[in-house]
Each structure stands twice: as structure tokens, then as C-alpha cells.
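Numbering (this note's numbering), first residue to last: 1 to 243. For reference, the structure discussed in these notes is given below.
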């Protein structure tokens, strides 16, 4: 991999955007992201993913020189590999997170941000219609009016402002970002991967369905209409009842 670093340890895969100086997203990076996610999906030893950036930026956005030369394509379907991954993804945003990379971070399940992180979407400033899902995910997350404000004005958000809007789950000291991301990953590892995978899928599907259809899908995972824990879950319940 030329644009990504992949490290696996203790059930956690860490994917680092590594395209100096600011980790701009280009076609090669997105293609490699698809490859990395396919590898992680097939690796039964990995149960949580951390996505972060090398250096002082998560990513400054799409590669603008490539945009001008007509060699960059909308990232939408490739960004979705993070959403479609059966394992939870934590974005650890360490610095600048703009436009195309903001869209990428929005595909993570959880976002932890350094206090130095800055978010912003500048599509409108450069006359580009978003192609990575920002017009769809952002309104669903923070509401239509606020999403329009951020997209129309290209306003920058501090990590704290992003947290207040619900874009970010948690803001942490800059030098504690990796530690906090791994701490949350380890909290997730304490639980049953199969159940987490199904729950992630149901929540993501619910964003595209009405409530009735979403509830039907959820009910489909309970055999015979009864509450149906997994085999490992059943063991844990039995152990809990013995304490």
C-alpha cells in the first residue's frame, strides 16, 4: 500500500491515511481503502477498526490537482466500504478534516476528535456538488437547516462545535487521541462481535427505511418471535445468573 498504513494488534486494525503532506484523498487512496477493508472483513482476528491520519491532518480533502485535471471521481460507493464493513469503525480525527475527507469520516460509526481537529466542507467554495454523501448523511445527523448552513457557508467547525452538533462523539486532548481511540475499541472488544455486526447493519439500514420496515428487519433476527441471544451471549447470560 502506498497511501495507507495497516497495523493489526489485539483484535484492532488501525488504518492510517499516509499521503504527505496533508493526506489528500485521491483515486489510489480510495482504491487501496477498498482493498484494506476487504482484507479486514475477511480477517476473523479483527473486530474493531480505527481510521486516522498521519502527521498533522486527518486529511485536507480530495486531491484538487486531480479534480482540475479530470482524473478524480466521486467517492460515494467507495466511501461506503466503511459503513458496509461488518466491524465497527472509529475515526480518530487528529487535525484538519475537510470536504471529501469530512465525508469519509462521516462514514465511520464513531468519531473521536483531537481538541486540535477542525472540520469543514468547502464544496460550495469550489463549485463542486458533493459526491461522497455529504448531502445525505449530514442532514440526517444534524438536521436539514443546520446542514444547509454548514454546506452553503463553508463554515469551519472546531472539534468542540462538531461535538455539540453531534458530528463528533468525544473530544480529547491531542496527545491522548490514540490512547482514547484504543480505549473505546477495547470497550467494544468486551462485547460479542456477531451481535455488534448485526446491530450496526440494522442501524445503518434504518437510515434508509421507514420505522415500520426497520422494525420488521429487527424482528427478523429473533427466531420464532422470542428474544434470541447468540450462543456466546447465552453462555454469558447463564454465567451472569450464577453470580
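Just so you know, even glycine gets a beta-carbon here, dropped at the ideal spot from N, CA and C. Keep in mind that this is a model prediction, so the values were computed, not measured.
Burial state of residue 47 is buried, judged by a 10 Å Cβ sphere holding 16 or more other Cβ atoms. Comparing alpha-carbon positions, the option among 84, 114 and 74 lying closest to residue 91 turns out to be 114. In this structure, the CA atom of residue 132 is about 31 Å from the CA atom of residue 10.
In the DSSP assignment, residue 15 forms a beta bridge with 6 and 51.
In the three-state scheme derived from DSSP, where H, G and I count as helix and E and B as strand, residue 34 is classed as helix. Excluding sequence positions up to five before and after residue 171, its CB lies within less than 7 Å of the CB of 113, 115, 159, 160 and 163, all in the same chain and listed in chain order. Shown here, residue 141 sits in a helix according to DSSP, grouped into three states.
Note on geometry: alpha-carbon atoms of residue 209 and residue 202 lie some 10 Å from one another.
Sequence-distant partners of residue 120 (beyond 5 residues in either direction) whose C-beta falls short of 6 Å from its own C-beta, in its chain, are 98 and 156. Taking 7 Å as the cut-off, the Cβ atoms of residue 4 and residue 75 do not count as close. Secondary-structure assignment with DSSP links residue 113 through a beta bridge to 93 and 171. Residue 49 places its beta carbon 7 Å or farther from that of residue 93. When the five nearest sequence neighbours on each side are left out, the beta carbons in the same chain lying within less than 7 Å of the beta carbon of residue 20 are those of 55, in order along the chain.
By alpha-carbon distance to residue 62, the top candidate from 134, 26 and 148 is 26.
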